Amino acid sequence: SGKWIVDSKGIRDSLKFLQDIYKNGYGPSLDLVLNGQASNTSAREYMPSGKLGITLDGIWITGNWKKDGVSPWPNYEKECGLAAMPTNEGQDPKTVTLAGGWGLSIPENADNKEATFDFLKHMMSKDVYLSFITNSGNICTRKDIGEMDEYTKQPFFGFATELLETAGYRPQNDKYSSVSTGIQSMVESVVSGTSIDDAVKQYASDTAAVVGEENTVKEK
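FYI, in the numbering used here the residues of the sequence shown are 19 to 238.
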């Protein structure tokens, strides 16, 4: 429909899953996860030291652990593993992941688009791009590089790249960042004790204020 979904069974099931984690004491304390540094703390301190058993993250997390990373972790590929996120009831395509976090682009009002484009071509050239993604832990967007030994031999890269076959992609829409922030606020409110009904209602209101109520939809 091209509209933003602000209420659905999927949204509520996801929130219930997170709510159960915190109600049953399975998750970390909120002062650790709501301080703006949770991602760095979990990847750079808790995982390498064995203080964290499961983290919901992406392949880029491995960039921290490489020899020249911010938190080198020798033999990380032997001491931890990656698992695909299953669909909620095991239905096809069996796994779910999201892609499209960032990209290289030329602003509409750039002063020198030609020079910028030349720079982008340099950044995406085979040797430069291969070096960047293998050191940063990012999945490649060039099929030819994705088939190179230098890429596939990186721990977990082959597995993570295969997951792109069933990946969903973030909307290419200038409103997405604001809607995404609303999703984060909805999740934070639920794990902090707000009821799912109230959290979803607030998310629907916040999203409508950003994109217009006529551009939202509630699914049963």
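Note that the Cβ used here is the ideal one computed from N, Cα and C, for glycine as well. Predicted, not measured: the structure shown is a model, and the values here were computed from it.
> Which class does residue 78 belong to by DSSP, given the choice of helix, strand or coil?
Replying inline: helix
> For residue 117, does the count of other Cβ atoms within 10 angstroms reach 16, so buried, or fall short, so exposed?
Replying inline: exposed
>> Suppose contacts are defined by Cβ-Cβ distances below 8 Å. Is residue 184 in contact with residue 176 by that definition?
In response: no
> How big is the Cα-Cα spacing for residue 84 and residue 26?
Replying inline: 40 Å
>> Let me check one thing: in DSSP terms, what residues is residue 23 bridge-paired to?
In response: 235
> Of the choices 70, 35, 137 and 156, whose alpha-carbon is the least far from that of residue 120?
Replying inline: 156
> Rounded C-beta distance between residue 174 and residue 95? I'm assuming under 8 Å.
Replying inline: 7 Å
> Taking buried to mean at least 16 other C-beta atoms within 10 Å of its own C-beta, is residue 88 buried or exposed?
Replying inline: exposed
> In the structure shown, what three-state DSSP assignment does residue 50 receive?
Replying inline: helix
>> Suppose you measure from the CA of residue 203 to the CA of residue 29; what does that come to, to the nearest Å?
In response: 13 Å
>> Is the separation between the beta-carbon of residue 228 and that of residue 193 shorter than 8 Å?
In response: yes
>> Suppose the cutoff is 8 Å on Cβ atoms and the five residues either side in sequence are ignored; what does the same chain contact list for residue 37 look like?
In response: 208, 209 and 214
>> What does the alpha-carbon distance come out to for the pair residue 76 and residue 23?
In response: 24 Å
> By a C-beta neighbour count over all protein chains shown, 10 Å radius and 16 as the cutoff for buried, is residue 211 buried or exposed?
Replying inline: exposed
> In or out: residue 141 buried (at least 16 other Cβ within 10 Å) or exposed?
Replying inline: exposed
>> Within 10 Å of its beta-carbon, does residue 197 have 16 or more other beta-carbons around it, so buried, or fewer, so exposed?
In response: buried
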